[in-house]
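*Asks:*
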Amino acid sequence: MKTFLEKAVAITIRYHLIRINHYSACISPPTVPAHRLSLPTGNEMSIEHRLNHIAGQLSGNGDVLLNSVDAHTGEPLPYAFHQATSDEVEAAVQAAEAAYPAYCSTSPAQRAAFLDAIANELDALGDDFILHVTRETALPEARIRGERARTSNQLRLFADVVRRGDFLGARIDRALPERTPLPRPDLRQYRIVPIAAPTEEERAQPYLWRFWRHIPARGKFTIFDRSWYGRVLVERVEGFCSPADWMRAYSEINDFEEQLVNAGTVVVKFWLAIDQQTQLERFEEREQIPFKRYKITEDDWRNRDKWDDYVQAVGDMVDRTSTEIAPWTLVEANDKRWARVKVLRTINQALEAAFAKDKK
-9 MKTFLEKAVA ITIRYHLIRI NHYSACISPP TVPAHRLSLP TGNEMSIEHR LNHIAGQLSG
51 NGDVLLNSVD AHTGEPLPYA FHQATSDEVE AAVQAAEAAY PAYCSTSPAQ RAAFLDAIAN
111 ELDALGDDFI LHVTRETALP EARIRGERAR TSNQLRLFAD VVRRGDFLGA RIDRALPERT
171 PLPRPDLRQY RIVPIAAPTE EERAQPYLWR FWRHIPARGK FTIFDRSWYG RVLVERVEGF
231 CSPADWMRAY SEINDFEEQL VNAGTVVVKF WLAIDQQTQL ERFEEREQIP FKRYKITEDD
291 WRNRDKWDDY VQAVGDMVDR TSTEIAPWTL VEANDKRWAR VKVLRTINQA LEAAFAKDKK
């Protein structure tokens, strides 16, 4: 006999996860063994390929048919899906609400098993799954396999946390006010700001506005995922801004960092340098290790072809923005451990120097 969770995995995950990603999974009723993904064409398609799976039943009451598109050609793919009606959406919501109490009554071990089962189902999807995704997204196969591996590994990580259960009690990582030279920072005060392509609002403002608005208040921490140096590096090399823009940015950045230092901010800048052979070895390693594949994309290989352009941009950046109050630290990073130690030591020295200055 299957347990409730095993049935949930066999029915909900095997069908719903595939449907959510727009794949026609030859859906069968729960009493019929599930088929693996296939690529039906023309007359091979049957009504099962176009129905929604709601509360263990196949449903296709909607009159609107939706097609996914081949991202390479722009042509519709031969898989049509019924757009759910409002009644079908309501039925799905009610089914989820009815299942909630049963799931809440499960033990941590059962919930962990549920997450592990989802991960196993993801890993079990074959090459036809990869083919579907590459056709619909135009992303390279290595990227898709890496994303799948990352997702299943994260699910297993969450399962381990749920299985341990040590998160259930109140846990506070105290600042230790007696600690010298300063209390430990409160990690709850950290902010992480991802820097991606600018929004329309950010384009309408001076370049550094998008960074100024996230500068932390005293006693707070902000981690920028990518920095203001993007303008004189990737934007310059890729032509995302005009030469006048990136040439003006050197003085803008120097003024920006001077104001930060004058306001009491400790500015420490690192450039981690590796040679071309080391970069090639790391790229190839990422393609070979499943849980690292998501880190390597076609853009990485394309940017590698612009090595000389980036070398020139980095040289100009260091020459024009390494100032007395905010110098660059160049880190030999072929050896990752050496690089990490040098970065940590440099940060410690900068902080200790700032603390000593405050005491005077």
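Each residue of the sequence shown is one higher than the one before, starting from -9 at the first, in this note's numbering.
Note that the Cβ used here is the ideal one computed from N, Cα and C, for glycine as well.
Every value quoted in this text rests on a predicted model; they were computed, and no experiment measured them.
1) So for Asp118, helix, strand or coil by DSSP?
2) Would you call Val331 buried or exposed, if buried means 16 or more other Cβ atoms sit within 10 Å of its Cβ?
3) Could you give the residue range of the alpha helix (DSSP H) that holds Gln144?
4) Express the C-alpha separation of Asn293 and Leu41 in angstroms, rounding to a whole number.
5) Put Asn11 into one of helix, strand or coil per three-state DSSP.
6) Whole angstroms is fine: what's the gap from Ala149's alpha carbon to Asp106's?
7) Measuring only the C-alpha atoms, how far is Leu262 from Asn252?
8) With a CB to CB cut of under 6 Å and the five nearest residues on each side skipped, what residues in its chain are close to Glu247?
9) Please name the residue in Val183, Ile279, Arg272, Thr336 whose C-alpha comes closest to that of Lys326.
10) Return the Cβ separation of Pro188 and Arg200 in integer angstroms, given the expectation that the two are a contact with Cβ distance under 8 Å.
11) How many Å lie between Ala74 and Ala86 at the Cα?
12) Pull up the distance between the alpha-carbon of Ile337 and that of Phe157, whole angstroms please.
13) Could you name the residues of the same chain whose beta carbon sits closer than 6 Å to that of Val133, not counting the 5 residues immediately before and after it, in chain order?
14) Taking the C-alpha atoms as reference points, what is the distance between Thr268 and Val54?
*Replies:* Walking through what the data contain:
1) helix
2) exposed
3) 131 to 154
4) 43 Å
5) Residue placement at Asn11 is poorly supported in this model, since its pLDDT is 34, which falls under 50; the coordinates are not used for a value here.
6) 6 Å
7) 26 Å
8) Val257, Ala316
9) Arg272
10) 6 Å
11) 16 Å
12) 32 Å
13) What sits at residue 133 in the sequence shown is Arg, not Val. Same-chain partners within the cutoff: Thr287.
14) 53 Å
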